[in-house]
Amino acid sequence: MTIEQPARPAWTGETGLRVGHMTYVNSEVFYRYLPEDSCELAAMPPLAMALAVERGDLAAGPLPVAEVFRLGDTVRSLGNLGVASYGSAKSVLLFSHVPVAQLSGKRIAVTSHTATSIQLLRILFADRWNVSGHEFVSTGEDHDAALWIGDPALERRSSGLYAYQYDLGKAWKDLTGLPFVFAEWVIRTDVPRDQADQLERLLVRATREGV
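Straight run, no breaks: the sequence shown in numbering that gives the first Met the number 0 ends on number 210.
Here's what the structure looks like:
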């Protein structure tokens, strides 16, 4: 009699857990101690990473906070780790050809890599800058302003393509006096606890020694 082995979950790769790799400079510290023999890194932007975790194609990763709330009990936190700023984020930026106060009714290009930063921009438009009647478009379309995150935002800071730039982390602190969390490290709740704990220990060690 042949005994069938249970199918391996999609979030388990050849060398261990499949973990989302956010390749932005501000996230590289997390991956310092993730050895190849215990996990398999899969590079992808934040929003795509959240969808992969939801499908079960990834076990864990730093997901946009808006997506963490949406996923609910599907995931749990890893060590209370994430990407946050108290003031200037430096890599979540609104670039504009006109002053932000003049963006009402204008076309705003937004990157497809983020959910949280777009929601933050909506709040800032309404409560900080009094901007309304604008239209969100893709980054490949004609636009008056553009939201970029991560390395693409850093690259555009000194490009001279836009006359104005606004740091969303700073704008949020100016509005509320509070820090803002852009992404949180989470893991699927169906990942065995021992594997989740091992990943958490490596992430915590990396952040403690890498800052």
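Glycine included, each C-beta is placed from N, C-alpha and C at the ideal position.
Checklist entry - Roughly how many whole angstroms lie between the Cα atoms of Arg69 and Pro63? => result 10 Å
Checklist entry - By Cβ distance below 7 Å, which residues in the same chain neighbour Glu199 in space, the five residues on each side in sequence not counted? => result Leu77, Gly78
Item to check | Beta-carbon gap between Asn25 and Val82 smaller than 8 Å | outcome: Yes.
Item to check | Proximal residues to Gln118 (C-beta, below 6 Å), its chain only, five neighbours per side dropped | outcome: Ala65
Next on the checklist: Helix, strand or coil, according to DSSP, for Ser26 in the structure here?
Outcome noted: Helix.
Item to check | Rounded separation between Ala170 and Pro8 - CA only | outcome: 42 Å
Checklist entry - Among Cys38, Ser131, Pro61, which has the Cα closest to the Cα of Ala47? => result Pro61
Checklist entry - Do the region 99-109 and the region 129-141 touch if we need at least three Cβ pairs shorter than 8 Å? => result With the cut-off at 8 Å, the region 99-109 and the region 129-141 touch.
Item to check | Complete alpha helix (DSSP H) runs within the region 135-161 (minimum length 4 residues, chain order) | outcome: 149-156
Next on the checklist: Can you tell me whether Trp10 is helix, strand or coil according to DSSP?
Outcome noted: coil
Item to check | Where Pro63 falls: helix, strand or coil (DSSP) | outcome: strand
Checklist entry - For Phe29, does the count of other Cβ atoms within 10 angstroms reach 16, so buried, or fall short, so exposed? => result buried
Item to check | Cys38 to Ser116 span [Cα, whole Å] | outcome: 29 Å
Next on the checklist: If you measure between the beta carbons of Gln20 and Leu40, is that distance less than 8 Å?
Outcome noted: Contrary to the premise, residue 20 reads as His rather than Gln in this sequence. Yes, Cβ-Cβ distance for His20 and Leu40 is below 8 Å.
Checklist entry - Would you call Arg17 buried or exposed, if buried means 16 or more other Cβ atoms sit within 10 Å of its Cβ? => result buried
Checklist entry - Just reading off the alpha helix (DSSP H) that Asp126 is part of, what are its end residues? => result Its alpha helix (DSSP H) spans residues 115-126.
Checklist entry - With distances taken between CB atoms, is the gap from Tyr32 to Ala205 smaller than 8 Å? => result Yes; because the gap between Cβ atoms is below 8 Å, this pair is in contact.
Item to check | Among Gln164, Val185, Val52, Ala58, the one whose alpha carbon lies nearest that of Ala88 | outcome: The shortest C-alpha separation from Ala88 is found at Gln164.
Item to check | Per DSSP, the bridge partner or partners of Glu208 | outcome: DSSP output for Glu208 lists no bridge partner at all.
Checklist entry - In three-state DSSP terms, what is Leu93? => result strand
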